[in-house]
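Novice: This is the structure I want to talk about, given as C-alpha cells.
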Amino acid sequence: MTELPKRYDAQTEEPALQEFWKEKQVSAFPEGDGDVFSIDTPPPTLSGRMHLGHAFSYAQGDFIARFWRMNQKRVLYPFGTDDNGLPTERMIEKQQNIRVKDFSPADFRALVLKAVKQQQPEFMGDWERLGISADLGGAYSTIDEHCQKTSQLSFLDLFEKNLVERKETPVSWCPRCQTAIAQAEFENVELSSHMNTVRFSDEDGKELLIMTTRPELIPACVGMAFHPDDKRYQHLLGQFAIVPITGHKVPVFADSSVAQDKGTGLMMVCTFGDKEDVEKWHRHNLDLRVIFTRDGRVSDDVAQYAGLKIKEARKQIIADLTEQDLLVKQEQITHPVNVHERCSTEIEYLKTPQWYVKVLEHKERLLQAGEEINWYPQFMHKRYQHWVENLGWDWCVSRQRPYGVPFPVWYTKDGAVVVASKDELPIDPLTQVPAAWKGREDELTAETDVMDTWATSSVTPQIALDWASGKPFTQMTLRLQAHDIIRTWAFYTIVKSVFHHDTVPWRDIVISGHALDPKGKKMSKSKGNVVDPNEVISKYSADSIRYWAASTKLGEDLPYQEKDVVTGQKTLNKLWNASKFCFMHLDRYDGSEPKSLELMDRWVLAKYSEMVLVATEAFEQYEYSRAKAAVDQFFWGTFCDYYLEFVKDRLYNDERDDASALYTLHTVLLGTLKVFAPIMPHITEKLYQAGFAEKEDCVSIHVSTWPKPIESVDADAAVAGDVLSELLGMVRKFKSERELSLKIEFPSASINAPVSIDEGLVDFKSTARIHDVKVSSGDTNITIETTDE
RNA sequence: GGGCCCAUGGUCUAGUGGCUAUGACGUCGCCUUUACACGGCGAAUAUCCCCGGUUCGAGUCCGGGUGGGCCCACCA
Numbered sequence: 093m094t095e096l097p098k099r100y101d102a103q104t105e106e107p108a109l110q111e112f113w114k115e116k117q118v119s120a121f122p123e124g125d126g127d128v129f130s131i132d133t134p135p136p137t138l139s140g141r142m143h144l145g146h147a148f149s150y151a152q153g154d155f156i157a158r159f160w161r162m163n164q165k166r167v168l169y170p171f172g173t174d175d176n177g178l179p180t181e182r183m184i185e186k187q188q189n190i191r192v193k194d195f196s197p198a199d200f201r202a203l204v205l206k207a208v209k210q211q212q213p214e215f216m217g218d219w220e221r222l223g224i225s226a227d228l229g230g231a232y233s234t235i236d237e238h239c240q241k242t243s244q245l246s247f248l249d250l251f252e253k254n255l256v257e258r259k260e261t262p263v264s265w266c267p268r269c270q271t272a273i274a275q276a277e278f279e280n281v282e283l284s285s286h287m288n289t290v291r292f293s294d295e296d297g298k299e300l301l302i303m304t305t306r307p308e309l310i311p312a313c314v315g316m317a318f319h320p321d322d323k324r325y326q327h328l329l330g331q332f333a334i335v336p337i338t339g340h341k342v343p344v345f346a347d348s349s350v351a352q353d354k355g356t357g358l359m360m361v362c363t364f365g366d367k368e369d370v371e372k373w374h375r376h377n378l379d380l381r382v383i384f385t386r387d388g389r390v391s392d393d394v395a396q397y398a399g400l401k402i403k404e405a406r407k408q409i410i411a412d413l414t415e416q417d418l419l420v421k422q423e424q425i426t427h428p429v430n431v432h433e434r435c436s437t438e439i440e441y442l443k444t445p446q447w448y449v450k451v452l453e454h455k456e457r458l459l460q461a462g463e464e465i466n467w468y469p470q471f472m473h474k475r476y477q478h479w480v481e482n483l484g485w486d487w488c489v490s491r492q493r494p495y496g497v498p499f500p501v502w503y504t505k506d507g508a509v510v511v512a513s514k515d516e517l518p519i520d521p522l523t524q525v526p527a528a529w530k531g532r533e534d535e536l537t538a539e540t541d542v543m544d545t546w547a548t549s550s551v552t553p554q555i556a557l558d559w560a561s562g563k564p565f566t567q568m569t570l571r572l573q574a575h576d577i578i579r580t581w582a583f584y585t586i587v588k589s590v591f592h593h594d595t596v597p598w599r600d601i602v603i604s605g606h607a608l609d610p611k612g613k614k615m616s617k618s619k620g621n622v623v624d625p626n627e628v629i630s631k632y633s634a635d636s637i638r639y640w641a642a643s644t645k646l647g648e649d650l651p652y653q654e655k656d657v658v659t660g661q662k663t664l665n666k667l668w669n670a671s672k673f674c675f676m677h678l679d680r681y682d683g684s685e686p687k688s689l690e691l692m693d694r695w696v697l698a699k700y701s702e703m704v705l706v707a708t709e710a711f712e713q714y715e716y717s718r719a720k721a722a723v724d725q726f727f728w729g730t731f732c733d734y735y736l737e738f739v740k741d742r743l744y745n746d747e748r749d750d751a752s753a754l755y756t757l758h759t760v761l762l763g764t765l766k767v768f769a770p771i772m773p774h775i776t777e778k779l780y781q782a783g784f785a786e787k788e789d790c791v792s793i794h795v796s797t798w799p800k801p802i803e804s805v806d807a808d809a810a811v812a813g814d815v816l817s818e819l820l821g822m823v824r825k826f827k828s829e830r831e832l833s834l835k836i837e838f839p840s841a842s843i844n845a846p847v848s849i850d851e852g853l854v855d856f857k858s859t860a861r862i863h864d865v866k867v868s869s870g871d872t873n874i875t876i877e878t879t880d881e
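Per our numbering, residue 93 is the first one in the first sequence, and the count goes up by one each step.
This is the structure in C-alpha cells:
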C-alpha cells in the first residue's frame, strides 16, 4: 500500500489525474453491447472561458454520467461548442478586428472554423480542469461539416414532409441585426417613453382621439378599431377616419380584442407596430402601408420623414403634430417593450419572405410529446406546456445574416423552390448547385439566408447519434439543461425529433437551476458580480467547486457561497486523513471475510448500508444533492466521529479482533469513496489508486462497480451502536462541561465495571476499549457490560 | 392579468404526515489524544412568513393572505 504524503495537494494532483484518465481512456464510450446511457449536453458558445453557470450545470451532468458509468452502463456523453449564429459572428469580428460583410459567407465560415479549431482546445481545457468526463477529445462544433450536414438534412426531411414552408408575412424583425428573429428570442424590458394623445377626425371633421406611444407609425395607419360593446363609438361603425399628417382615409371597425378601458378605447391599427396590429390586419383584411425599411429607417414612400431613423421620425412627427395642434396631451410613462435579446433593440414587424417550421398546426402532438418525457423536477413540464399552448407564431428559422448554416435551397426563374438531394450535403448554394442542375446554373438563384442558430442546435441528438450518416435514430436517455432555455432548446429539439422520427428525443429531461451571486442575484458582467470558476479551482480545487454544485435541490437556483467551497475543501482533507489512518492498518488486511463480526463493526456496516441505499436511490432520480448529504453525513458523523474512535483501540492494541475490524474498515472506506466519486472524482481516484485499485484489479474508481448495501447486518447491532454513540456523546459533554481533556483517565475502577448513564461515569478511553458489549436497555437506565480480558 | 417556484436559527440549506426540526458557515467555551488544529468536543441561537382547515398527529397536506424569484401575456 502506497504511503500517502501528509497533505493532499489538489493543484498538482488534479491535472495529473486528468492526464491519467485521458491516458487510460476511462471515460471513453465502451465497445460491446451493454446498456447505453446517453446524455444530450448543451454545446456552450465558444466565448473566452467557462463561467460559473457552466461549471454549475456541467458538474451536475457529470455527477450523473459518472454514477451510471460506475453502474456498468455504456455512457455516451458527447460534447461540442455552438459556433453558429450572431454571438459567434460578433465574437470573431471583435477578436480579429474585421467586418463580416467584407467576406463572402463561405470565407467567413472558413475563418470561424479555423478560429474554432485553434480556440476550442483551450476553451475545453476549462471543462477538463473541472473534471468533466464527456468526450472532450471528440468535441464537435455546430459549424463543422458534420453539423452543417445534419442541419441541412433536417431541413430537407421537414421539406419532404411538408413541415416547413416559405411564406411572406409580417415577422418580428430586428432593425439593428437586420434579420428576422423568432418569438423565443424576445426579451421584455421596461422602457421609459411618452404616451401621446393624438387628434384624428371622422369624415365630417369631428375629433377622434387615440393614444399612442408610437406616433411615428401614424403614416402606417390602416384602420381604427373599438370594442363592439363600446357605446361611445357605435356610430363610427362602417365610417372612415382621417389620419393626421398624411390625411389618408382608413376604415373604422369593431374588434373584441380592443380594451374599452385602455387609452380612449379607440385604437389605431398600423402595419405594423405589434402583434395585435398583425392580427387585426389579417382579420379585417386591411391595406398594407409599409413605412420602414429593413434597417429601421422611414422609407421614401413617406416623403416628409424619408431616411429618418425610427426614433428621429418620432421626434419629428411629434414636432409636426404639436405645430398643427394635433397633439392633445403628452405624458411620461414607462412600459414594457419587446426587444431582441442579443442587442436590446426594439422589435419591429416587417412583411418579408421567411422559412417557417409549422409548429402551430401540430401543437397537440407537441403537447403530447411533453407528456411522453419524464421531467425532473416534474413541475418543469408545466413551463413547456404553457409555452406550447401559448405559441402565437410558427417557428421562423431563416435569418438574413451572412454567417451560419446555409439552406440547401435555390429558386428557379418562376420562383419554384429547388432543394439539394440528401447525398450532396453539406452544400453551399452560393457556390454550388444541385448535381441535377449542372450546366444550367444560371437558371437558379441561390437562397442567401442562413439558418437560425437554434435550427442547428435543435439537432444535438441527431449530431451525437450520427443520423446524417444514415445511422438509425434511437431515443437518448437524458437531456440536461437549465430552465431558461426550455422554450428554445428543449422545445426545438422536441419539435425536430417528433417531426423527423415521430418519437421524443429523450426518455428523461433534467432541468437545472442557475448559479447566482452570493446575494441571490443574477451574475452579469455589467453588474461586476461574476465569479470566475477558474479562480475558484486555482484557489481551492475542482472537487470542492463540484461539491458546492452538488449542494442544491434539482432545478433550484443556487447562490454562490465561498463557504460551501471551503466545506468541500475540508471534506477533501478529511477524506485524505481518514484514508491515511485506515491505510496504516489495511496493510495487514488480506481481503478475507471474517467468521464473525464485532458489534461495533456490525453497527457501522448497518449505517453504511443505509447510506448506500439512500445515495443510490437519490442518484438514480438525479437527486445528487440528497446523495451528497447522505454520504457526507455518514462519513463525518458516523464513520470519522464515532467509528474510527471506537475501532482505534482494537487496531492499535489488540490483535485479536483484527479480522473483523479490518474487513469493516476496508469495506466501508472503499464504499464511501465510491459514493463520493461522482461528485469528487479526483481525490477519490487518488485514494483508490493508493489503496484499492490493485486489490480490486480495476484501472479506475470511475469504472469500478458501485457499492451495494451489506445484507447480513442485524438491527440489534444498529441499536446497540447508537446507544454506545449516545453514551460517548454524554461522556464528551460531561467532560466538556468540566473543561477536562478527553485524554484524562477516570478512576480505573470504572473501566471494567458495569456503568450506567445515570452515573455519568464512563470515560472516553474506556468506551474506546469496549469491544465485546452486551447492551440492555430499560426505561430509566442503560447498562453496558464489558467483558474485557 | 395568467401560470410556476420559493418562504426553516445571523447567513445558506435538508426536510414529500409521526418521537425533544438536518447540516454547513459564523458566534462563544474547552481540548494539542499516535488520521486530521486545513482538527476534535461542547454550547447558544428557529413563535419552521401569517390566518384558517383536514388529521389522533402538520414545517410537511388543503384553502386564503403576505413577501420574494422566474416564465408568459400586456406595448392603444
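Think of the CB as a built atom: it goes at the ideal place given N, C-alpha and C, for glycine as much as any other residue. Note that the coordinates shown come from a computational prediction; the quantities given were computed from them, not determined experimentally.
Determine whether the beta carbon atoms of V431 and E279 lie at a separation below 8 Å.
Specialist: Sequence index remark: in the first sequence, residue 431 carries index 339 (1-based). Sequence index remark: in the first sequence, residue 279 carries index 187 (1-based). It is a contact, given that the beta carbons lie within the stated cut-off.
Novice: Which of the three DSSP states is assigned to R434 in this structure?
Specialist: To locate residue 434, count along the first sequence from 1; it is residue 342. Residue state, collapsed to three classes: coil.
Novice: Could you pull the DSSP bridge partners for Y468 from this structure?
Specialist: Within the first sequence, numbered from 1, the residue matching residue 468 stands at position 376. For Y468, which the question treats as bridged, DSSP gives the partners V602.
Novice: Let me check understanding here. Comparing Cα to Cα, which of Q103, E737, C488 lies closest to E277?
Specialist: Here residue 277 corresponds to residue number 185 of the first sequence, with the count starting at 1. The candidate whose alpha carbon is nearest that of E277 is C488.
Novice: May I ask you to list the residues that DSSP assigns as paired with F499?
Specialist: As a first step, residue 499 is located in the first sequence; it is residue number 407 there, counting from the start. Note: F499 sits in no beta bridge, so no partner.
Novice: I believe V497 touches V542 by the beta-carbon criterion, under 8 Å. Please report the beta-carbon distance rounded to the nearest angstrom.
Specialist: Taking the first residue of the first sequence as position 1, residue 497 is located at position 405. Taking the first residue of the first sequence as position 1, residue 542 is located at position 450. Right, the Cβ-Cβ distance comes to about 6 Å (below 8 Å), so this counts as a contact.
Novice: With a Cβ-Cβ cutoff of 8 Å, do P135 and T234 count as a contact?
Specialist: Taking the first sequence and counting its residues from 1, one reaches residue 135 at position 43. Taking the first sequence and counting its residues from 1, one reaches residue 234 at position 142. Yes, these two residues count as a Cβ contact at 8 Å.
Novice: If you check the beta carbons only, do Q184 and G153 fall under 8 Å apart?
Specialist: The sequence position of residue 184 within the first sequence is 92, counting from 1. The sequence position of residue 153 within the first sequence is 61, counting from 1. Before going further, note that residue 184 is Ile rather than Gln in the sequence given. No. Outside cutoff.
Novice: Considering Cα atoms alone, identify which of F675, Y755, S490, E715 is closest to V602.
Specialist: As a first step, residue 602 is located in the first sequence; it is residue number 510 there, counting from the start. When only C-alpha atoms are compared, the closest one is E715.
Novice: Compute the Euclidean distance between the alpha carbons of K800 and T756, then round it to the nearest angstrom.
Specialist: Taking the first sequence and counting its residues from 1, one reaches residue 800 at position 708. Taking the first sequence and counting its residues from 1, one reaches residue 756 at position 664. Each residue's alpha carbon lies about 14 Å from the other.
Novice: Put Q422 into one of helix, strand or coil per three-state DSSP.
Specialist: Along the first sequence, one-based indexing puts residue 422 at 330. In this structure, Q422 counts as strand in the three-state DSSP scheme.
Novice: CA-CA distance, E252 and E481?
Specialist: Position 160 of the first sequence, counting from 1, holds the residue named residue 252. Position 389 of the first sequence, counting from 1, holds the residue named residue 481. So the alpha carbons of these two residues sit roughly 26 Å apart.
Novice: Can the beta-carbon of I775 be found closer than 8 Å to that of L664?
Specialist: By one-based count along the first sequence, residue 775 stands at place 683. By one-based count along the first sequence, residue 664 stands at place 572. Yes, these two residues count as a Cβ contact at 8 Å.
Novice: Three Cβ pairs or more, each shorter than 8 Å: is that satisfied between the segment 320 to 328 and the segment 378 to 394?
Specialist: no
Novice: Who does K259 pair with in a DSSP beta bridge?
Specialist: On the first sequence, residue 259 is found 167 positions in, with the first residue counted as 1. Answer by DSSP bridge pairing, in chain order: Q446.
Novice: Measuring straight from C-alpha to C-alpha, what distance separates G783 and R158?
Specialist: For the purposes of this step, residue 783 is identified with residue 691 of the first sequence, where counting begins at 1. For the purposes of this step, residue 158 is identified with residue 66 of the first sequence, where counting begins at 1. Taking the straight line from one Cα to the other gives about 20 Å.
Novice: Judging by CA-CA distance, which residue of Q492, I465, F591 is the nearest neighbour of H454?
Specialist: As a position in the first sequence, residue 454 is number 362, starting the count at 1. Nearest C-alpha to H454: F591.
Novice: Considering D294, what are the terminal residues of the beta strand (DSSP E) in which it resides?
Specialist: One-based indexing of the first sequence puts residue 294 at position 202. Here the beta strand (DSSP E) through D294 covers 278 to 294.
Novice: Which residue or residues does DSSP assign as beta-bridge partners of R166?
Specialist: Here residue 166 refers to the residue found at position 74 when the first sequence is read from its first residue. DSSP lists V128 as partners of R166.
Novice: Answer yes if the segment 711 to 725 comes into contact with the segment 759 to 772, meaning at least three C-beta pairs across the two stretches below 8 Å, and no otherwise.
Specialist: yes
Novice: Give me the Cβ distance between G140 and Q275, rounded to the nearest whole Å; I'm assuming they're in contact under 8 Å.
Specialist: Working through the first sequence from its first residue, we reach residue 140 at position 48. Working through the first sequence from its first residue, we reach residue 275 at position 183. Not confirmed; about 29 Å, so no contact.
Novice: Distance check for K588 and A461, CA to CA, integer angstroms please.
Specialist: The residue given as residue 461 occupies position 369 in the first sequence. The residue given as residue 588 occupies position 496 in the first sequence. So the alpha carbons of these two residues sit roughly 11 Å apart.
Novice: Check whether the segment 305 to 313 touches the segment 284 to 291, taking contact to mean three or more Cβ pairs, one atom from each stretch, closer than 8 Å.
Specialist: Yes, since at least three Cβ pairs between the segment 305 to 313 and the segment 284 to 291 fall closer than 8 Å, the two stretches touch.
Novice: Per DSSP, which one or two residues make a beta bridge with A333?
Specialist: Along the first sequence, one-based indexing puts residue 333 at 241. Beta-bridge pairing by DSSP links A333 to D294, V342.
Novice: Pairs of beta-carbons, one from the segment 333 to 345 and one from the segment 308 to 323, closer than 8 Å: are there three or more?
Specialist: yes
Novice: Residues in its own chain within less than 7 Å of Q211 by CB, not counting five upstream and five downstream?
Specialist: As a working mapping, residue 211 is identified with position 119 in the first sequence. Result list for Q211: L138, in chain order.
Novice: Across which residues does DSSP place D174 in a beta bridge pair?
Specialist: The residue given as residue 174 occupies position 82 in the first sequence. Here D174 is bridged, per DSSP, to T137.
Novice: My assumption, with CB atoms under 8 Å, is that P336 sits in contact with L413. Please give the rounded CB distance.
Specialist: Here residue 336 is taken as the residue at index 244 of the first sequence, counted from 1. Here residue 413 is taken as the residue at index 321 of the first sequence, counted from 1. The Cβ separation is near 7 Å, so the contact holds.
Novice: Using a threshold of 8 Å, state whether the C-beta atoms of W546 and T569 are closer than that.
Specialist: On the first sequence, residue 546 is found 454 positions in, with the first residue counted as 1. On the first sequence, residue 569 is found 477 positions in, with the first residue counted as 1. Cβ distance not < 8 Å, so W546 and T569 don't count as in contact.
Novice: What do you reckon, are the CB atoms on W219 and S792 nearer than 8 Å?
Specialist: Working through the first sequence from its first residue, we reach residue 219 at position 127. Working through the first sequence from its first residue, we reach residue 792 at position 700. No, they are not a contact pair.
Novice: Just the C-alpha distance for D789 and D127, rounded to the nearest angstrom, thanks.
Specialist: Within the first sequence, numbered from 1, the residue matching residue 789 stands at position 697. Within the first sequence, numbered from 1, the residue matching residue 127 stands at position 35. Roughly 23 Å separates the two Cα atoms.
Novice: Once the 5 residues before and after K450 are set aside, which same chain residues still bring their CB inside 6 Å of it?
Specialist: As a position in the first sequence, residue 450 is number 358, starting the count at 1. Result list for K450: L255, D486, in chain order.
Novice: Measuring CB atoms only, is the segment 239 to 253 touching the segment 509 to 517, in the sense that at least three cross pairs come out at less than 8 Å?
Specialist: yes
Novice: Less than 8 Å between the beta carbons of M360 and I302, yes or no?
Specialist: Along the first sequence, read from residue 1 onward, the residue named residue 360 stands at position 268. Along the first sequence, read from residue 1 onward, the residue named residue 302 stands at position 210. A contact, by the Cβ cut-off of 8 Å.
Novice: Within 10 angstroms of the Cβ of H478, are there 16 or more other Cβ atoms? Answer buried if so, exposed if not.
Specialist: What you label residue 478 is simply residue 386 of the first sequence in a count that begins at 1. Classification for H478: exposed.
Novice: What's the C-alpha gap between V394 and D369?
Specialist: Your numbering for residue 394 matches position 302 in the first sequence. Your numbering for residue 369 matches position 277 in the first sequence. Roughly 20 Å separates the two Cα atoms.
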